[in-house]
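Numbered according to the numbering used here, the first sequence spans residues 348 to 1207.
Ideal Cβ positions, reconstructed from N, Cα and C, are used throughout, including at glycine.
Keep in mind the model is a prediction, meaning the values are calculated, not measured.
Single-structure report; data block below.
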Amino acid sequence: MEERYTPAEIESKWQKLWEDSKTYKVSDDPKKEKFYLLEMFPYPSGKIHIGHVRNYTIGDVVARYKHMKGFNVLHPMGWDAFGMPAENAAIANRTHPAIWTYNNIDTMRRQLKQMGFSYDWDREIATCRPEYYRWEQWLFLKMYENGMAYRKESYVNWCDPCQTVLANEQVEAGMCWRCGKPVRQKKLAQWFFRITDYADDLLVHCDLLPGWPDMVVAMQKNWIGKSAGAEIHFNVENSSEQIVVFTTRQDTVFGATFMCLAPEHPMVQKLSLGTSQEHLVNDFIERISMQDRSSKGIETYEKEGVFTGAWCINPLSGTRMPIYTANFALMGYGTGAVMSVPAHDQRDFDFAKKYGLEIVLVVKPNADLDVATMSEAYPGDGIMVNSGNFNGMQNELALESIADYLEVHRLGKRTVSFRLRDWGISRQRYWGAPIPMIHCDACGIVPVPEKELPVVLPEDADLLVGGLSPLPTLDYFARTTCPKCGSHSARRETDTMDTFVESSWYFQRYCSPDYHDGMFDHKSVDYWMPVDQYIGGVEHAILHLLYSRYYTRVLRDMGLISYKEPFTRLLTQGMVCKETVHCPTHGYLFPEEATEGKDRRCKRCHHSVTIGRVEKMSKSKKNVVDPHILLEKYGADTTRLFCLFASPPERSLEWNEQGVEGSFRFLNRVWRLCAAWMPFVRSAAAFDGAMDDLAPELRGLYKKIHQTIFKVTSDIEDRFHFNTAISAVMELVNMLYGFSVDERSPAITGLFRLAIESVILLLSPVTPHIADEIWSELGNTSIYAASWPIYRPEALLKDMLTVVVQINGKLRSKFSVAADIDDAAIEQIALSDERIKKVIDGKPIKKIVVVQKKLVNIVI
RNA sequence: GCCUGGGUGGCGGAACAGGUAGACGCAAGGGACUUAAAAUCCCUCGGAGCUUAGCUCUGUACGAGUUCGAUUCUCGUCCCAGGCACCA
């Protein structure tokens, strides 16, 4: 065995060997228990970044561990290859989205292979391939048939100069992120998936996901946002029209003094028609449509509204209520109409104060609360007042009584409302999966016949000026014949699908990636699915996971699969962070642009730099580490080791170059230890006897070996706490350094063989290259095929115990005793301890607590 | 505002079921080896104090509480991070 650890040589050697012998290829084997381990597939953005490295290292350790435990492990990798960055890059670099994407995939595949991940590369998929998205189109047709996919008019963020739809995150303070011009709301016909049909089911099953982090479950629940309340009908004065509102506070209906409709509400213009308010209302609607109503913009606008000129009648109090249209009423929630109760809702209170509207108190917590002196709304509980027959009732009871009353008198009914809206999947983009629909002047919307799938995205088209999709202008794509009437003037749908659609089912495709007769081979899916462990960034905690859960239900209800939840266990890893370096003249600096040491300075201007707080790595802050550099300098094993050692996976990881050095040093230590002992242990048999066969001075080591196996196994199995697992191995290695090769004996050699084997086996999921190298030096073949070591429970038993003695809960002394001692004897030893006697100093003992074989607490 | 997490040495982090706080690593300091340096190996390392082989006090954001005993459980406060947010 070489004396020096040379990761560059070892790693490329083993990577080639694994690839040539298809070490990580896996196939369906019903005789073996399966384990499906999946990491969220990456968007091929160029190069892998440190977040990928962390995510995929965590997954790889679990995959390798489960394989060594005897599972048939499915561990695939692929590319979430459609999406806007490809278009942006194409514009910036004057290349083509397809070329850019495929180049990136090649680079990133090579980098992932350099990391030594145990993927079955034969299952690689790229969602931009027609073989993949044809099945997405096929399912779209099925969803269209059963009404799950539908088309409707909907408001979108629209940028006029760019002639394009913007996602909410592309709207910055009401302006287009690209051209900086105002964004307006525009009505467009778009395709939707009816995810709201499953809102309740998705919500209820949140509680049946014990393997998911509580935080993610909570986020999903919030997103779905179910609230129970009532619909109430308000008649419009001098009209046959009715306004329906949704409220969760029907107990306050007697306090409703005005009505607010969303500006887009269909009744707004109708109500103001012909009144003196008409043009004011129209101006208001026009102005509000220019406002950015995405989450970011919303708080910047003041609450405002305009009287429509019409009135409605409160069905319970009989009061006349002015009808307003207001910017805070949202068309997308409830019914788009709000009964405003200023006394008990802060927003309504502010609005009423601004426009001088009446405030009526209907829930009173105590005698002091009075409309005349109220400075804010009272949203809490209390006794009903000003509420007719309901006066004197506790408002929680009135909530039910009034709901009953509404139902009995047909003025409304109990109902639930969800925050979740149907999933709009149309994108006016080029680089996405075409929606397989045809528009015919005569027949309307006609689905593409199944046998004509896939509708292939032309990969050679160029983006138009401003990054617009060329699809509508490409006659050879857009012009087609109507499958129904044969008309030659039919046009294809030129919108493409949201890329979340591809990622909602890819995990199933991995089960049979080359299957040509359907989305997937049922036999394979039945064997592998659901995913046993899913691992990815917490940034996908809501949308990707919710869409995947929804899609899985759609597939199940079509009879294509038999499970409801796609991911049994979920791990969301934390962000990778690093300190920022900021120069007063040059702004953020890359770490290497500043000098080293205590007084760090900008290399260009020699100003002192400020070391900022530790933040998520991002290109804009320049606090990034390129995995490529790490691989060059230390190799994959060190990089993997550090990612796991620095913190537990769900927490954020603070990058620290010296920490990486430490990990590298540890692997060197392991290497030197093995190299030193190799000549002697190579031909020795690992010690296999009982502890009693060993000389007393070797028993400690024997125990340490088994304790380490136990610790590492439970840390990986139960908690994914690789950092403590690695510490345990470090402790064992430290202990082994206490033995000198020069003082070896046959007994030590056998035990050392066991020790070294254990260290290598336990490290192998984390650092597979060095492990395979040393493993082969020991005369073995592939460590991936080896079994995970088993600890001897009897070796964990202690024959001597340390018992702690406390006085009034404070540590005062400790002693060692044989493990089979009883509590009474422990108490006696504690009381006769010299130091304890000194502290007690003859004071009366009130109580003695003995914790079995662990502790004595004497209360004085 | 609401919902999640989190706050432990100079730093990353341990302490898994209330029972020895600070495992393991980094940084720092000291020593050995060396002509020298690197590498390596060994020792020290929360704070304060003292009559310094050791001992005492103090210490897990802050304030209460439960308990023989609290980093761990309960309540309140502050701060940090993430998510949601005119959601009626």
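Sequence ranges, beta strand (DSSP E) only - wholly within the region 610-678, length at least 3: 652-660 and 667-673
Option in Lys499, Ile405, Val961 and Leu1045 with minimal Cα separation from Glu1090: Leu1045
C-alpha gap between Tyr1219 and Pro801, whole angstroms: The question about residue 1219 has no answer, for the chain in this structure spans 348 to 1207.
Coil, strand or helix - Trp570 by DSSP: Trp570 falls in the helix class under three-state DSSP.
Identity of the residue in Asp1180, Val1203, Lys1190 and Val956 nearest Asp1169 by Cα: Val1203
Close-in-space but distant-in-sequence residues of the same chain around Asn970 (CB under 6 Å, 5 per side omitted): Lys925, Thr927 and Met964
Of the residues Gly833, Phe1027, Pro529 and Glu806, the one placed nearest Val795, counting alpha carbons only: Minimum Cα distance to Val795 is reached at Gly833.
Rounded separation between Val1152 and Lys1201 - CA only: Spanning the two alpha carbons is a distance of roughly 9 Å.
Neighbour-count burial assignment, Ala888, 16 or more Cβ in a 10 Å radius: buried
Opening and closing residue of the beta strand (DSSP E) in which His929 lies: For His929, the uninterrupted beta strand (DSSP E) segment begins and ends at Val923 to Cys930.
Which of helix, strand or coil DSSP assigns to Glu349: coil
At least 3 beta-carbon pairs within less than 8 Å: the region 550-567 vs the region 746-760: no
Exposure label - Val848; buried when at least 16 CB within 10 Å: buried
Counted within 10 angstroms of its Cβ, other Cβ atoms place Asp1119 as buried (16 or more) or exposed: By the 10 Å Cβ count, Asp1119 comes out buried.
Sequence ranges, beta strand (DSSP E) only - wholly within the region 457-520, length at least 3: 496-506 and 511-513
Check whether Arg1001 and Val972 have beta carbons under 7 Å apart: The sequence shown places Glu at residue 1001, rather than the Arg named in the question. For Glu1001 and Val972, no; Cβs fall outside 7 Å.
Reference Leu1125, options Trp1018, Arg839 and Ala577, closest by Cα: Trp1018
Ala687, buried or exposed, once every other Cβ within 10 Å from all chains shown has been counted against 16: Note that residue 687 corresponds to Ser in the displayed sequence, not to Ala. So Ser687 counts as buried.
Residues of its chain near Ser1163, where Cβ-Cβ distance is below 6 Å and the 5 sequence neighbours each way are ignored: Met1147 and Thr1149
Check whether Gly406 and Leu384 have beta carbons under 7 Å apart: Closer than 7 Å, so yes.
Under 7 Å between C-beta atoms of Val530 and Asn504: yes
Any beta strand (DSSP E) of 3 or more consecutive residues that is wholly inside the region 949-1016: 957-963
Test item: CB-CB of Val564 and Glu578 under 7 Å: no
Leu608 versus Pro662 - alpha carbon distance: 17 Å
Delimiting residues of the beta strand (DSSP E) encompassing Ala536: Arg531 to Phe540
Residue span of the beta strand (DSSP E) that contains His1149, given as start and end: Note that residue 1149 corresponds to Thr in the displayed sequence, not to His. From DSSP, the beta strand (DSSP E) with Thr1149 extends over Met1147 to Ile1154.
Secondary structure of Pro1226, DSSP reduced to three states: Shown here, the chain extends from 348 to 1207; a query on residue 1226 therefore has no answer.
Val956 versus His929 - alpha carbon distance: Rounded to the nearest angstrom, the two C-alpha atoms are 5 Å apart.
Contact under 7 Å by Cβ, Phe1228 with Gly1085: Residue 1228 lies beyond the stretch modelled for the chain, which goes from 348 to 1207, so this question has no answer here.
Heavy atom of the ligand SAH within 6 Å of Pro529 beta-carbon: The model depicted lacks the ligand SAH and carries no ligand whatsoever.
For Pro1140 and Val1196, the rounded distance between their alpha carbons: Spanning the two alpha carbons is a distance of roughly 29 Å.
Proximity to Thr843 [Cα-Cα], best of Phe487, Met387 and Phe675: Phe487
As assigned by DSSP and simplified to three states, the class of Trp1024: When DSSP states are grouped into helix, strand and coil, Trp1024 belongs to the helix group.
Residue(s) in a DSSP beta bridge with Gln920: Gly884
Three-way DSSP call (helix, strand, coil) for Pro444 in this model: It is helical.
Start-to-end residues for the beta strand (DSSP E) that takes in Val1227: Residue numbering for the chain in the displayed model covers 348 to 1207; residue 1227 lies beyond these limits and cannot be assessed.
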